[in-house]
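> Chains as they are written, first to last, in our numbering: chain A, 9 to 335; chain B, 9 to 335.
For every residue, glycine included, the Cβ atom is placed at its ideal position computed from N, Cα and C.
Shown below is the structure under consideration.
Laid out in structure tokens, this is it:
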């Protein structure tokens with residue numbers, strides 16, 4: 009089995025739990041809207057990371073399934089609301105929730121998914137003190153995710169964004185929930201708080217690499233792998249790490265050329281190619297790639313402190329997949 | 009002290025907690041948006057109900073403050089999102105959150121308030137098993153509130169709504185959170201689960217009366233009391249219990265006349281007066297008033313099972329205020 013198959017296999021109890029929780033009830037429009045994006049697919053990386061960290065520290069991952077499912081539901085709730093905020097019509101190649109169900113029901117569907125996540129956490133057969141810890145942790149984390157999304161919104165109005173600000177934004181918006189996967193997996197699996205925090209930091213680092221790699225793929229990977237046209241971030245003029253880094257490294261002329269392409273809302277394919285070329289010649293692509301790999305190396309060092317077992321092995325493959333997929 | 013003063017007095021620790029939790033941090037736009045509606049005022053009926061039920065069963069209401077604050081924050085999160093969904097520009101006489109901060113930040117502010125509510129629940133100094141119970145209960149309740157809001161959205165597209173459907177909608181959208189106030193107050197105060205459920209049902213009933221009374225006031229009370237023009241529900245063509253009941257009771261001609269006024273989006277003051285007249289002559293106003301009082305009578309019977317103390321006395325006054333205020 010390759011790692012993609014291993015992830016899909018590990019995710020089976022999550023798929024089952026999602027189907028069970030998200031069954032259609034009255035009022036059907038709300039429950040259909042809630043189920044739409046979560047059941048449209050997804051790699052389920054966050055829940056799988058929770059199950060693997062749970063097993064790695066010696067726990068039974070069965071006990072972590074409702075918590076792991078809550079992570080996927082939270083991830084999907086943020087996608088549903090983000091699509092409303094950004095007015096994006098598509099998500100993972102299917103119509104966004106609000107495209108089908110309208111804005112009011114999409115907002116409600118997000119809210120309900122989020123509340124459902126807390127019902128799931130309390131469905132775990134674990135000690136009440138761990139439950140309380142996880143509830144507080146997840147609630148805090150979602151508030152931080154919202155901070156990251158607000159930073160992203162603010163960036164759109166700013167002329168320049170520096171690397172540190174960008175990394176802090178993706179740390180909150182994307183990586184921190186990977187951290188929660190490891191944190192909860194470890195605690196449910198019987199690990200101690202120190203281990204939970206250590207593996208949380210490891211997962212947050214690789215989550216940063218994951219997002220940097222996502223930006224990289226958006227510029228470099230063919231449309232078949234992306235499931236959307238290549239270079240869409242450039243078309244939208246998004247300030248990704250790749251762009252920020254290229255703007256820092258490029259010559260004055262190339263910098264101006266890249267800004268022109270980013271600020272143009274109707275780019276030709278040749279212009280997209282030219283933007284990628286500037287990213288390449290400036291050294292930005294190479295640097296981002298290296299940075300993503302650096303996060304992986306740090307994670308491997310952390311994992312070496314834990315006893316070697318099947319779960320640790322698969323977790324290492326998962327982390328590697330996060331920062332090398334589609335390459 | 010009259011009951012309004014007693015409520016305001018009892019709400020002081022809640023105001024203090026709201027100010028503490030909602031202090032402005034980075035990114036400031038998000039935290040300003042979060043604080044805007046909760047700190048714009050409000051009667052704080054839900055938290056005060058939680059504190060009073062806690063004391064009535066013999067508990068220290070100090071322990072219930074973070075939970076009680078979470079109820080107010082949840083109530084406000086639903087207001088912020090409802091205003092986005094209904095595209096309402098004003099709330100409690102101040103600009104709605106999205107009017108000032110824009111749609112994306114208003115959605116985020118609602119999400120963050122909601123997650124914050126769970127942080128507050130876990131801040132309570134109570135046993136972890138009660139914490140878990142409250143988290144599950146509140147998460148379930150917010151999912152039901154969303155169901156109620158979806159029913160309300162659905163009603164706008166329906167020709168007729170019957171009384172039972174309307175009552176089920178307001179039970180979910182409005183009353184159920186009053187139920188949670190009593191439920192949590194009792195459990196934190198040391199009451200048992202049976203008492204918590206009994207007082208929850210009582211609070212839900214009075215919550216129904218509260219909403220019916222709100223509809224009644226909207227038609228009958230002068231603008232000074234409402235803080236908005238009288239008859240705004242009629243202007244908007246809303247199917248309140250009063251309207252549904254009047255349509256059921258009125259003569260064929262008056263029914264047609266009332267529907268015309270409701271369907272007209274630009275009513276004169278005389279037309280509003282005429283609509284209220286039809287509600288009056290049909291007996292709908294009287295019936296709604298009676299129904300709200302009936303819920304109060306039921307609640308009083310429940311309260312009589314509990315030992316008489318200062319908190320029970322104030323709670324009884326609070327419940328009465330909920331269904332008679334502004335009269």
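(1) For residue 154 of chain A, go through chain B and note every residue whose CB falls closer than 7 Å to its CB, in chain order.
(2) Secondary structure at residue 336 of chain A, three-state DSSP: helix, strand or coil?
(3) Could you run through the stretch 127 to 148 of chain B and flag, in chain order, every residue whose CB is less than 7 Å away from some CB of chain A?
(4) So, is the C-beta of residue 124 of chain A closer than 8 Å to a C-beta in chain B?
(5) Could you give the residue range of the alpha helix (DSSP H) that holds residue 299 of chain B?
(6) What does residue 35 of chain A reach in chain B if we use C-beta pairs closer than 7 Å?
(7) Pick from B/109, B/122 and B/62: whose alpha carbon is nearest that of residue 153 of chain B?
(8) List in chain order: all unbroken alpha helix (DSSP H) runs of 4+ residues lying wholly within the stretch 20 to 68 of chain A.
(9) Out of A/280, A/10 and A/97, which one is the CA nearest neighbour of residue 238 of chain A?
(10) List the residues of chain E that residue 89 of chain B touches, going by C-beta distances under 7 Å, in chain order.
(11) For a contact defined as C-beta to C-beta under 8 Å, what are the partners of residue 151 of chain A on chain B?
(12) Report all residues from its chain with a CB closer than 6 Å to the CB of residue 319 of chain A; omit the five preceding and five following residues, and keep chain order.
(13) Let's test the definition: count the other Cβ atoms within 10 Å of the Cβ of residue 102 of chain B and tell me whether it reaches 16, buried, or not, exposed.
(14) For residue 128 of chain B, which option in B/79, B/107 and B/159 has the closest C-alpha, if you only look at C-alpha atoms?
(15) Can you tell which of B/165, B/249, B/322 and B/259 has the C-alpha that lies nearest to the C-alpha of residue 298 of chain B?
(16) Identify the contact partners of residue 102 of chain A in chain B, using a Cβ-Cβ distance below 8 Å as the criterion.
(17) Kindly indicate the opening and closing residues of the alpha helix (DSSP H) around residue 157 of chain B.
(18) Quick one: is residue 55 of chain A near chain B, going by C-beta distance under 8 Å?
(19) Give the residues of chain B in contact with residue 73 of chain A, contact being defined as C-beta atoms less than 7 Å apart.
(20) Taking residue 117 of chain A as the reference, give the member of B/93, B/263 and B/137 with the closest Cα.
(21) Which residue from B/166, B/225 and B/293 puts its Cα closest to that of residue 330 of chain B?
(22) Decide if the stretch 152 to 166 of chain B is in contact with the stretch 126 to 143 of chain B; the criterion is three or more beta carbon pairs, one per stretch, under 8 Å apart.
(23) Is the shortest distance between the beta-carbon of residue 81 of chain B and the beta-carbons of chain A less than 8 Å?
(24) Beta-carbon separation of residue 2 of chain B and residue 47 of chain B under 8 Å?
(25) Just reading off the alpha helix (DSSP H) that residue 259 of chain B is part of, what are its end residues?
(26) Less than 8 Å separating the beta-carbons of residue 183 of chain B and residue 207 of chain B?
(27) The ligand NAP heavy atoms versus the CB of residue 69 of chain B: any closer than 7 Å?
(28) In the DSSP assignment, the alpha helix (DSSP H) including residue 248 of chain A goes from what residue to what residue?
(29) Can you have a look at residue 323 of chain B and say buried or exposed, based on whether 16 or more other CB atoms are within 10 angstroms of its CB?
(30) Taking residue 72 of chain A as the reference, give the member of A/39, A/133, A/33 and A/109 with the closest Cα.
(31) In angstroms with no decimal places, state the Cα-to-Cα distance between residue 19 of chain B and residue 30 of chain B.
(32) Does chain A have any CB closer than 8 Å to the CB of residue 92 of chain B?
(33) I need the straight-line Cα distance from residue 4 of chain B to residue 16 of chain B, nearest angstrom please.
This is what the structure gives:
(1) Here residue 154 of chain A refers to the residue found at position 146 of the first chain. Neighbours of residue 154 of chain A on chain B, chain order: 38, 116, 119 and 120.
(2) An answer regarding residue 336 of chain A cannot be provided, because it is not within the stretch 9 to 335 covered by chain A.
(3) 127, 130, 136, 137, 139, 140, 143, 144, 147 and 148
(4) Within the first chain, numbered from 1, the residue matching residue 124 of chain A stands at position 116. Interface residue, yes.
(5) For the purposes of this step, residue 299 of chain B is identified with residue 291 of the second chain, where counting begins at 1. Unbroken alpha helix (DSSP H) run through residue 299 of chain B: 292 to 311.
(6) Taking the first chain and counting its residues from 1, one reaches residue 35 of chain A at position 27. Residues of chain B passing the Cβ test: 155, 158, 159 and 162.
(7) For the purposes of this step, residue 153 of chain B is taken as the residue at position 145 of the second chain. Nearest C-alpha to residue 153 of chain B: B/122.
(8) 20 to 29, 36 to 44 and 53 to 64
(9) Mapped onto the first chain, residue 238 of chain A falls at position 230. For the residues A/280, A/10 and A/97, the minimum Cα distance to residue 238 of chain A belongs to A/280.
(10) Among the protein chains in the structure shown, which are A and B, there is no chain E.
(11) As a first step, residue 151 of chain A must be located in the first chain, where it is residue number 143. Correct list: 120, 123, 124 and 127.
(12) Translated into positions along the first chain, residue 319 of chain A becomes position 311. Excluding sequence neighbours, residue 319 of chain A sits near 60, 63 and 64.
(13) Residue numbering aside, residue 102 of chain B sits at position 94 when the second chain is read from its first letter. Classification for residue 102 of chain B: exposed.
(14) One-based indexing of the second chain puts residue 128 of chain B at position 120. Answer by Cα proximity: B/79.
(15) Counting from one through the second chain, the residue named residue 298 of chain B turns up at place 290. Looking at the Cα atoms, B/249 is the closest of the given residues.
(16) The residue labelled residue 102 of chain A in the question sits at position 94 within the first chain. Those within 8 Å of residue 102 of chain A in chain B number zero; the least Cβ separation is about 21 Å.
(17) Residue 157 of chain B sits at position 149 when you count from the first residue of the second chain. 136 to 163 is the extent of the alpha helix (DSSP H) around residue 157 of chain B.
(18) For the purposes of this step, residue 55 of chain A is taken as residue 47 along the first chain, with counting starting at 1. No, residue 55 of chain A lies away from the interface with chain B (no Cβ there is under 8 Å from its Cβ).
(19) By one-based count along the first chain, residue 73 of chain A stands at place 65. Here the premise fails: no neighbours, minimum Cβ distance about 17 Å.
(20) What you label residue 117 of chain A is simply residue 109 of the first chain in a count that begins at 1. Closest option to residue 117 of chain A, Cα to Cα, is B/93.
(21) Translated into positions along the second chain, residue 330 of chain B becomes position 322. Cα-wise, what sits closest to residue 330 of chain B is B/225.
(22) no
(23) Along the second chain, read from residue 1 onward, the residue named residue 81 of chain B stands at position 73. Taking Cβ atoms only, chain A never reaches closer than 8 Å to residue 81 of chain B, which makes this a no.
(24) Since the first and last residues shown for chain B are 9 and 335, residue 2 of chain B lies out of range.
(25) Mapped onto the second chain, residue 259 of chain B falls at position 251. Careful: residue 259 of chain B lies outside any alpha helix (DSSP H) and carries neither H nor E.
(26) By 1-based counting over the second chain, the position of residue 183 of chain B is 175. By 1-based counting over the second chain, the position of residue 207 of chain B is 199. Not a contact, by the Cβ cut-off of 8 Å.
(27) Among the components of this structure there are no ligands whatsoever, and the ligand NAP is therefore not found.
(28) Counting from 1 along the first chain, the entry for residue 248 of chain A is found at position 240. First-last for residue 248 of chain A: undefined, no H or E at that position.
(29) Locating residue 323 of chain B in the second chain gives position 315, where the first residue counts as 1. Classification for residue 323 of chain B: buried.
(30) To locate residue 72 of chain A, count along the first chain from 1; it is residue 64. Among A/39, A/133, A/33 and A/109, the Cα nearest to that of residue 72 of chain A belongs to A/133.
(31) One-based indexing of the second chain puts residue 19 of chain B at position 11. One-based indexing of the second chain puts residue 30 of chain B at position 22. Cα to Cα, residue 19 of chain B sits roughly 16 Å from residue 30 of chain B.
(32) For the purposes of this step, residue 92 of chain B is taken as the residue at position 84 of the second chain. Yes - at least one Cβ of chain A is within 8 Å of the one on residue 92 of chain B.
(33) The question about residue 4 of chain B has no answer here: the residues shown for chain B are numbered 9 through 335.
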